[in-house]
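Visitor: One structure coming up, written as structure tokens, with questions to follow.
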Amino acid sequence: METIFALATARGKAGVAVIRISGPSSWDAAAHLCGTLPAPRQAGLRVLRWHEEALDEAVVLCFEAGASFTGERVVELHIHGAVATVTAVLRALGESPELRMAEAGEFTRRALENERLDLAQVEGLSDLIEAETEAQRKQAMKVLSGAVGRIVDDWRAGLIRAAALLEATIDFADEDVPVDVTPEVMFELNRIETDLRRELARFSAAERIRDGFEVAIVGRPNAGKSTLLNALSGREAAIISEIAGTTRDVIEVRMDISGLAVTLLDTAGLRQTDDVVEAIGVDRAVERAKAADLRIFLLDREEIPLLSPEDDDLIVYGKSDIHSSDGLSVSGKTGDGLDVLVAEIGQKLLHRTQGAGVMTRERHRDAIQAASQALGFAKNEVMSDYDRPELAADYLRMAARSLESLVGRVDVENLLDEIFSSFCIGK
Amino acid sequence: MKHFDVIVVGGGHAGIEAAHAAARMGAQTALITLKADAIGVMSCNPAIGGLGKGHLVREIDAMDGVMGVAADMAGIQYRLLNRRKGPAVQGPRAQADRKLYKAASQQLTRNQKNLEVIEGEVADLTTENGRVSGVVLADSTRISAASVILTTGTFLNGVIHIGDQRQSGGRMGDKPSIKLAQRLASLDLRLGRLKTGTPPRLNGKTINWDILESQPGDDDPVVFSFLNKQPLVKQISCGITHTNEKTHDIIRENLNRSAMYGGHIDGVGPRYCPSIEDKVVRFADKTSHQVFLEPEGLDDNTVYPNGISTSLPLEIQEQYVRSMRGLENVEIMQPGYAIEYDYVDPRSLSAALELRNQPGLYLAGQINGTTGYEEAAAQGLVAGLNAALSSQRRAPIILSRTQSYIGVMIDDLITRGVTEPYRMFTSRAEFRLSLRADNADQRLTPIAIELGCASQERTQNYLRKENALSAGKAKMDAMVITPKEAVSHGFKVNQDGQRRSVFELLSYPDITFDLLAVAFPDLNEIDAPIAAQLSKDALYANYLERQSRDIAAMQRDEAWKIPADFQYLNLSGLSNELQQKLQTARPSTLGQAARVDGVTPAALALILAKLRQGRREKVA
């Protein structure tokens with residue numbers, strides 16, 4: 001029986017967060033973090049350490065098998081609810097070889113398997129599960145919509161293509177199929193692996209907490225972006241002038257919004273220009289704005305923005321000291337509407353730390369990491385001197401299984417569809 | 001009235017295997033067929049085995065079945081497919097002499113104890129207290145039995161198409177089983193319609209073999225049965241020709257005269273075995289397709305042109321065949337045709353292949369939506385064993401996905417159903433590295449011995465091999481050397497200070513048994529076939545450890561049985577769509593439920609909760 005762990009409380013900033021570890025190795029794993037364990041059912045204050053580094057001070061509770069929620073040996077770590085703390089502890093647990101992140105509903109499932117839930121609870125479980133699937137569905141929809149969705153679809157197609165090519169050489173060896181599929185398989189695997197590596201860096205919650213969110217202010221020249229940046233940060237970080245196109249490079253200001261580290265980016269105004277230096281600034285502005293977590297579009301009324309806002313982006317009407325308008329309007333000069341804007345930014349970013357919370361992100365990270373490793377092995381097999389496509393195919397199957405939560409299940413039927421639509425099989 | 005433990009209806013590959021399996025189990029068995037002389041006819045191509053299919057034949061043989069033995073008595077050209085790839089994906093295949101195969105099947109059937117062949121047409125089934133109790137023949141003879149297995153192939157409402165002509169029939173020259181089809185219709189089963197096709201048969205004397213490329217068998221033939229070491233009859237070669245632009249033009253010009261393209265056929269055909277019409281239409285940019293000219297026997301001039309099945313009218317078949325090199329003057333002995341037939345949605349079956357809503361009635365073979373002799377035979381084996389076990393009031397034998405291709409196939413059929421004729425591929429087996437053709441006996445023969453369906457000869461043969469394998473492995477495990485010693489013998493291993501057994505060294509792709517035997521002469525005591533088997537086992541040893549974890553997880557879910565009357569409808573928390581899918585598939589374990597299309601972990605937890613609840617209520 002494997003030992004599993006997960007955050008048991010809601011994600012996001014809170015006073016206390018509880019991480020639950022369940023399974024035969026749970027006590028050992030907890031002892032590894034906090035030294036000695038308190039007696040079962042007695043709370044003990046311990047410092048959690050990982051690789052000599054103190055992570056947090058926590059209240060530790062142990063439960064014996066047969067006397068816990070799941071019926072297995074359980075440890076609960078009551079830690080401080082800071083997002084960074086939770087992430088650090090989850091990551092430490094994730095690095096323990098005998099542990100793995102729990103799957104959705106797995107604690108409940110174990111509780112059921114070990115007969116720890118009574119009939120009434122079983123009755124009530126369907127609601128719980130419904131909630132779980134709804135959350136999963138929303139999560140999946142979120143991942144699958146927009147830009148990430150396109151990348152994920154692309155991975156899926158690539159995985160299916162690469163696996164189908166390998167399987168075609170195996171299962172249809174006596175048919176009219178290409179003998180050497182190595183170049184195309186390697187092309188697909190390299191492409192996916194590169195993407196996975198990039199996503200790994202992007203998805204990483206810890207990195208987000210450490211580096212903060214990026215919020216870009218975008219708009220046409222002289223819209224008042226720099227004035228807004230200075231007003232928000234409370235200091236003269238950007239040079240302000242009446243001359244359109246004053247800001248050429250990207251100016252970054254770090255600040256605290258609702259407890260989250262945020263880097264505000266002031267970018268060059270977006271417009272067509274013949275000025276070589278300004279043109280570089282505009283390109284850079286577009287690139288950084290697109291990569292940012294959130295964009296504030298500073299617009300005039302009835303203006304159509306040059307860059308199109310994504311779903312969650314904020315649209316703000318500027319210079320409210322001059323024009324009055326409906327909707328969210330601000331003035332960097334008078335400070336009018338700034339508190340509303342800050343609250344909006346804070347709400348949107350906080351929502352992201354909760355909605356696509358630490359756990360799912362960590363799980364995605366684990367999945368992507370496992371998949372990327374399996375792809376590496378698959379590539380080695382494809383390139384090796386020995387003709388062992390069955391081993392490469394096995395690693396690909398592993399990669400696909402790891403990514404199942406992201407790309408959906410890749411079934412043998414998907415591979416056969418691809419094979420039969422690409423090659424004339426049937427001698 | 002005559003009484004048997006088990007009645008098998010049909011003398012095709014599923015029927016033979018089912019009847020033999022039941023008889024081997026000690027059940028008094030009757031095989032009822034229209035023509036006793038047609039037992040063991042190969043109605044499609046004259047070949048056995050292939051990728052995935054060869055695995056099935058080996059597994060049938062490991063259970064002491066008929067197909068591998070009969071195929072070896074008839075094998076006239078052996079080829080081990082994927083010979084240069086790893087053993088997990090190597091598939092034994094052979095051209096079989098049609099006459100020899102039929103003769104072998106009939107001889108083995110005559111020699112099988114507890115098995116009686118009855119000629120007749122089964123027109124109806126009888127039931128008693130809701131359980132099938134026997135059959136009624138067309139001449140009104142009644143025969144009773146504890147279990148009945150139907151293996152009626154394409155004979156259920158079979159319709160044969162050649163161009164715009166159609167006639168009822170299960171196989172060229174045979175009557176379809178209409179009455180039985182009506183009886184099955186009254187059982188309220190979900191039926192579907194499939195189609196398959198055959199090419200025209202050619203007269204080999206009219207083929208210009210001299211100008212054709214020839215394909216010989218392997219120099220070192222690998223046979224099917226674990227009881228045999230080499231081919232038993234004379235070996236021959238096949239010929240190869242190709243379609244060309246002219247062939248394709250003729251087919252394109254006459255497409256509307258094809259039964260398939262003229263709109264006469266509703267059934268769904270297999271994508272991996274398309275008609276030549278399909279190939280020309282769907283892969284229009286290909287200017288040529290390979291055609292294998294497979295002799296049907298040693299003293300038979302009939303040639304089976306593999307790759308050009310068709311439902312065009314005879315005169316067009318003649319035209320396009322003669323457009324190919326070497327076939328300029330060829331004579332057609334029997335036209336190609338397409339056949340449409342009914343199949344029973346296999347999701348109506350249990351893993352023992354018994355109909356869930358008709359106890360005592362088992363279905364095996366093409367009637368369940370599969371294609372191929374091997375797939376049919378493997379199902380026949382499972383149905384035969386289980387029908388016998390049921391008549392002996394013993395628990396069913398369920399082969400799982402984790403231990404056999406047979407288990408993979410049956411699990412696929414009963415949980416996912418079919419959308420086209422189902423054929424085995426190695427890619428369907430998620431534990432492909434451990435389910436190999438070479439170790440089918442190690443996986444299954446112990447089960448056969450335990451069940452009691454393995455003969456003395458089979459049992460002793462296996463136990464001898466098993467002992468030799470364990471002794472060889474123990475010897476190699478006991479020889480442990482340091483990295484330095486390994487290098488001194490010329491073996492490249494990491495200088496990590498870790499001691500390795502000689503068996504571990506064997507898992508390195510460039511370290512062969514022969515090389516090891518040079519360094520460690522003691523190994524020469526191990527016989528060559530045993531050494532070869534140990535090498536194959538060692539090759540994947542590192543991968544199997546990971547697979548065994550996945551296997552354990554799957555087995556845990558398989559241990560959770562779902563009662564046959566489990567109610568998915570109105571199970572709150574389950575979407576309507578999933579309720580419908582599960583209600584149709586009726587998975588019998590939690591593991592099967594997980595493989596039903598669209599099932600989520602949360603849905604599984606919910607089903608588990610209900611199972612737990614049901615179990616407690618029973619206790620209370």
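Residue numbers (the numbering used here), protein chains in the order written: chain A, 1 to 427; chain B, 1 to 620. Heads up, the beta-carbon is just placed ideally off N, CA and C, and yes, glycines get one too.
1) From A/Ala44 to B/Arg612, what distance separates their C-alpha atoms?
2) Rounded to whole angstroms, how far is the Cβ of B/Met324 from the Cβ of B/Val280, which I believe are closer than 8 Å?
3) Cβ of A/Pro178 less than 8 Å from any chain B Cβ?
4) Pop quiz: B/Glu119 and B/Lys35 are said to be a contact at Cβ under 8 Å. What is the actual Cβ separation, rounded to whole angstroms?
5) Which chain B residues sit within Cβ distance under 9 Å of A/Leu391?
6) Between A/Val412 and chain B, is the shortest Cβ-Cβ distance under 8 Å, so that the two count as touching?
7) Provide the residue span of the alpha helix (DSSP H) that contains B/Asn111, from first to last.
8) Taking Cβ positions, are B/Val480 and B/Ala486 nearer each other than 8 Å?
9) Under a Cβ-count criterion, where at least 16 other Cβ atoms within 10 Å of its own Cβ denotes burial, should A/Glu134 be classed as buried or exposed?
10) B/Glu59: which of B/Gly297, B/Ala377 and B/Ser348 sits nearest, CA to CA?
11) Less than 8 Å between the CB atoms is what I'm expecting for A/Glu278 and A/Ala268, so what's the real figure, rounded?
12) Could you give the distance in angstroms between the alpha-carbon of A/Thr85 and the alpha-carbon of A/Leu307?
13) Nearest by alpha-carbon distance to A/Val215: which of A/Leu229, A/Arg161, A/Ala223 and A/Gly15 is it?
14) Of the residues A/Asn114, A/His32 and A/Ala92, which one's Cα is nearest the Cα of A/Met1?
15) Report the start-end ranges of each beta strand (DSSP E) in the region 187-269 of chain B that is 3 residues or longer and not cut off at the edges.
16) How is the beta strand (DSSP E) around A/Asn114 delimited, first residue to last?
17) Taking the alpha-carbon of A/Leu77 as reference, which of A/His51, A/Phe5, A/Pro24 and A/Ala67 has the nearest alpha-carbon?
18) Over the uninterrupted alpha helix (DSSP H) stretch that includes B/Lys286, give me the two end residues.
19) Strictly by DSSP, which residues pair up with A/Ala54?
20) Can you give, in chain order, each stretch of the beta strand (DSSP E) that sits fully within the region 146-202 of chain A and has at least 3 residues?
21) Quick one: which residues of the region 269-302 of chain B get their C-beta closer than 7 Å to a C-beta of chain A? List them in chain order.
22) Which runs of the alpha helix (DSSP H) fall wholly inside the region 274-356 of chain B and span at least 4 residues, in chain order?
23) Tell me which residues share the same chain as B/Leu115 and place their Cβ nearer than 6 Å to its Cβ, disregarding the 5 neighbours each side in the sequence.
24) Looking at chain B, is there any beta carbon in it that lies within less than 8 Å of the beta carbon of A/Tyr386?
25) Rounded to the nearest angstrom, what separates B/Val596 and B/Asp412 at their Cα positions?
26) For B/Leu191, which option in B/Gly197, B/Pro199 and B/Ala181 has the closest C-alpha, if you only look at C-alpha atoms?
27) Pick from A/Asp154, A/Pro221 and A/Asp339: whose alpha carbon is nearest that of A/Leu196?
28) Return the chain-ordered list of same chain residues with a C-beta closer than 6 Å to the C-beta of B/Thr622, the five sequence neighbours on each side being excluded.
29) Could you tell me how far apart the beta carbons of B/Ile339 and B/Lys536 are, in whole angstroms, since I believe they sit closer than 8 Å?
30) Please list the partners that B/Leu51 has in chain A, where partner means a Cβ-to-Cβ separation under 9 Å.
31) Quick one, which of B/Glu504, B/Ala609 and B/Asn203 has its alpha-carbon nearest B/Leu574's?
32) Leaving aside the five residues before and after A/Phe69 along the sequence, list all residues of the same chain whose C-beta is less than 8 Å from its C-beta, in chain order.
33) Of all the CB atoms in chain B, is at least one closer than 8 Å to the CB of A/Asp366?
34) Hey, B/Ala383 and B/Ala364 are a contact pair by Cβ (cut 8 Å); roughly how many whole angstroms apart?
35) Could you tell me which of B/Cys453, B/Ile410 and B/Gln547 sits nearest to B/Val66, measuring between CA atoms?
36) Please report the residue range of the alpha helix (DSSP H) in which A/Lys290 lies.
Guide: With the structure as the only source:
1) Looking up residue 44 of chain A in the first sequence gives position 44. Looking up residue 612 of chain B in the second sequence gives position 612. Reading off the sequence shown, one finds Gly at residue 44 of chain A, where the question assumed Ala. Approximately 35 Å between the Cα atoms of the pair.
2) Mapped onto the second sequence, residue 324 of chain B falls at position 324. Mapped onto the second sequence, residue 280 of chain B falls at position 280. Incorrect: roughly 13 Å between the Cβ atoms, too far for contact.
3) Reading the first sequence from its first residue, position 178 is the one you call residue 178 of chain A. No, because no Cβ of chain B sits closer than 8 Å to the Cβ of A/Pro178.
4) Numbered from its first residue, the second sequence carries residue 119 of chain B at position 119. Numbered from its first residue, the second sequence carries residue 35 of chain B at position 35. Sure, about 7 Å apart at Cβ, within 8 Å.
5) For this step, residue 391 of chain A is matched to residue 391 along the first sequence. Chain B residues near A/Leu391: Gly86, Ala88, Leu433, Tyr540 and Tyr543.
6) As a first step, residue 412 of chain A is located in the first sequence; it is residue number 412 there, counting from the start. Chain B, which has a Cβ nearer than 8 Å to the Cβ of A/Val412, makes this yes.
7) Here residue 111 of chain B refers to the residue found at position 111 when the second sequence is read from its first residue. Element bounds for B/Asn111: Arg98 to Asn111.
8) Walking along the second sequence from the start, residue 480 of chain B turns up at place 480. Walking along the second sequence from the start, residue 486 of chain B turns up at place 486. Not a contact, by the Cβ cut-off of 8 Å.
9) For the purposes of this step, residue 134 of chain A is taken as the residue at position 134 of the first sequence. In this prediction, A/Glu134 scores a pLDDT of 48, lower than 50, which makes its location untrustworthy; the coordinate-derived value is nonetheless stated afterwards. Classification for A/Glu134: exposed.
10) By one-based count along the second sequence, residue 59 of chain B stands at place 59. It is B/Ala377.
11) For this step, residue 278 of chain A is matched to residue 278 along the first sequence. For this step, residue 268 of chain A is matched to residue 268 along the first sequence. A/Glu278 to A/Ala268, Cβ: 7 Å. Contact.
12) To locate residue 85 of chain A, count along the first sequence from 1; it is residue 85. To locate residue 307 of chain A, count along the first sequence from 1; it is residue 307. Computed Cα separation, rounded: 37 Å.
13) The residue labelled residue 215 of chain A in the question sits at position 215 within the first sequence. For the residues A/Leu229, A/Arg161, A/Ala223 and A/Gly15, the minimum Cα distance to A/Val215 belongs to A/Leu229.
14) The count along the first sequence starts at 1 and reaches residue 1 of chain A at position 1. The shortest Cα separation from A/Met1 among A/Asn114, A/His32 and A/Ala92 belongs to A/Asn114.
15) 191-198, 201-203, 213-215 and 238-242
16) Start at 1 with the first residue of the first sequence, and residue 114 of chain A comes out as number 114. That residue, A/Asn114, is in no beta strand (DSSP E); it is neither H nor E in DSSP.
17) Within the first sequence, numbered from 1, the residue matching residue 77 of chain A stands at position 77. With distances taken between Cα atoms, A/Leu77 lies closest to A/Phe5.
18) Working through the second sequence from its first residue, we reach residue 286 of chain B at position 286. No alpha helix (DSSP H) contains B/Lys286, which DSSP labels as neither H nor E.
19) One-based indexing of the first sequence puts residue 54 of chain A at position 54. Answer is A/Arg49.
20) none
21) Arg271, Tyr272, Cys273, Pro274, Lys279, Phe283, Lys286, His289, Gln290 and Phe292
22) 276-282 and 314-322
23) If you number the second sequence from 1, residue 115 of chain B lands on position 115. Counting only Cβ-Cβ distances below 6 Å, and skipping sequence neighbours, we find Ala19, Ala23 and Thr29.
24) As a first step, residue 386 of chain A must be located in the first sequence, where it is residue number 386. Chain B contact via Cβ: present.
25) Locating residue 596 of chain B in the second sequence gives position 596, counting from the first residue. Locating residue 412 of chain B in the second sequence gives position 412, counting from the first residue. Approximately 9 Å between the Cα atoms of the pair.
26) Locating residue 191 of chain B in the second sequence gives position 191, counting from the first residue. It is B/Ala181.
27) In the first sequence, counting from the first residue as 1, residue 196 of chain A sits at position 196. Among A/Asp154, A/Pro221 and A/Asp339, the Cα nearest to that of A/Leu196 is on A/Asp154.
28) With chain B running from 1 to 620 in the structure shown, residue 622 of chain B is simply not present.
29) The residue labelled residue 339 of chain B in the question sits at position 339 within the second sequence. The residue labelled residue 536 of chain B in the question sits at position 536 within the second sequence. Actually they are not in contact, since the Cβ atoms of B/Ile339 and B/Lys536 sit about 40 Å apart, beyond 8 Å.
30) In the second sequence, the residue the question calls residue 51 of chain B occupies position 51. What B/Leu51 touches in chain A: Ile170, Asp171, Phe172, Ala173 and Asp174.
31) Counting from one through the second sequence, the residue named residue 574 of chain B turns up at place 574. B/Leu574 has its Cα closest to that of B/Ala609, out of B/Glu504, B/Ala609 and B/Asn203.
32) Here the question's residue 69 of chain A lines up with position 69 in the first sequence. So the list reads Arg20, Ser22, Phe63, Phe107, Ala111 and Arg116, once near-sequence residues are dropped.
33) In the first sequence, counting from the first residue as 1, residue 366 of chain A sits at position 366. A/Asp366 does not count as touching chain B.
34) On the second sequence, residue 383 of chain B is found 383 positions in, with the first residue counted as 1. On the second sequence, residue 364 of chain B is found 364 positions in, with the first residue counted as 1. 4 Å between Cβ atoms; contact.
35) For this step, residue 66 of chain B is matched to residue 66 along the second sequence. Answer by Cα proximity: B/Cys453.
36) As a first step, residue 290 of chain A is located in the first sequence; it is residue number 290 there, counting from the start. Taken as a continuous stretch (DSSP letters only), the alpha helix (DSSP H) holding A/Lys290 covers Val276 to Ala291.
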